[in-house]
Amino acid sequence: MKYSNFGIEVRKVLLERDLTLTILASELKISVSYLSDILRGSRKGKKQKKAIVELLGLDICEEDLK
């Protein structure tokens with residue numbers, strides 16, 4: 121399973137903070153499968169990416185949010 125750069129950064133932060141995709145998806149009010157698709161880059165999820173950045177306090181360049 122290959123992740124986008126954005127997905128790699130998010131997964132790294134989730135691991136560091138002992139959070140799961142289920143918890144993050146719940147906070148975003150989306151399904152885990154949809155979140156996983158966003159992190160793999162198979163779905164754009166622009167609104168969700170911005171919400172993820174805000175929730176996790178990430179420092180992500182605008183290019184990775186496209």
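Under the working numbering, the first residue of the sequence shown carries the number 121, and numbering increases by one thereafter. We put the beta carbon where it would ideally sit given N, CA and C, even for glycine. Source: prediction; values computed, not measured.
Starting from residue i, follow the alpha helix (DSSP H) in both directions and report where the run begins and ends.
| i | result |
| --- | --- |
| threonine 142 | 141–148 |
| glycine 127 | 125–136 |
| serine 162 | Run containing serine 162: none; DSSP gives neither H nor E here. |
| isoleucine 180 | Isoleucine 180 -> no alpha helix (DSSP H), and no H or E assigned at all. |
So, is residue i buried or exposed, given that buried needs 16 or more other C-beta atoms within 10 angstroms?
| i | result |
| --- | --- |
| glycine 177 | exposed |
| lysine 169 | buried |
| leucine 63 | Nothing about residue 63 can be reported from this structure: the residues present for the chain run from 121 to 186 only. |
If I measure Cβ to Cβ from residue i and keep anything under 6 Å in the same chain, skipping five residues before and after, which residues do I get?
| i | result |
| --- | --- |
| threonine 142 | Val152 |
| isoleucine 180 | Val173 |
Quick one: what's got a C-beta closer than 7 Å to residue i's C-beta in the same chain, skipping five residues either side?
| i | result |
| --- | --- |
| isoleucine 150 | Gln168 |
So with Cβ pairs under 7 Å, would you call residue i a contact of chain D?
| i | result |
| --- | --- |
| valine 133 | No chain D is present in this structure, which holds just one protein chain. |
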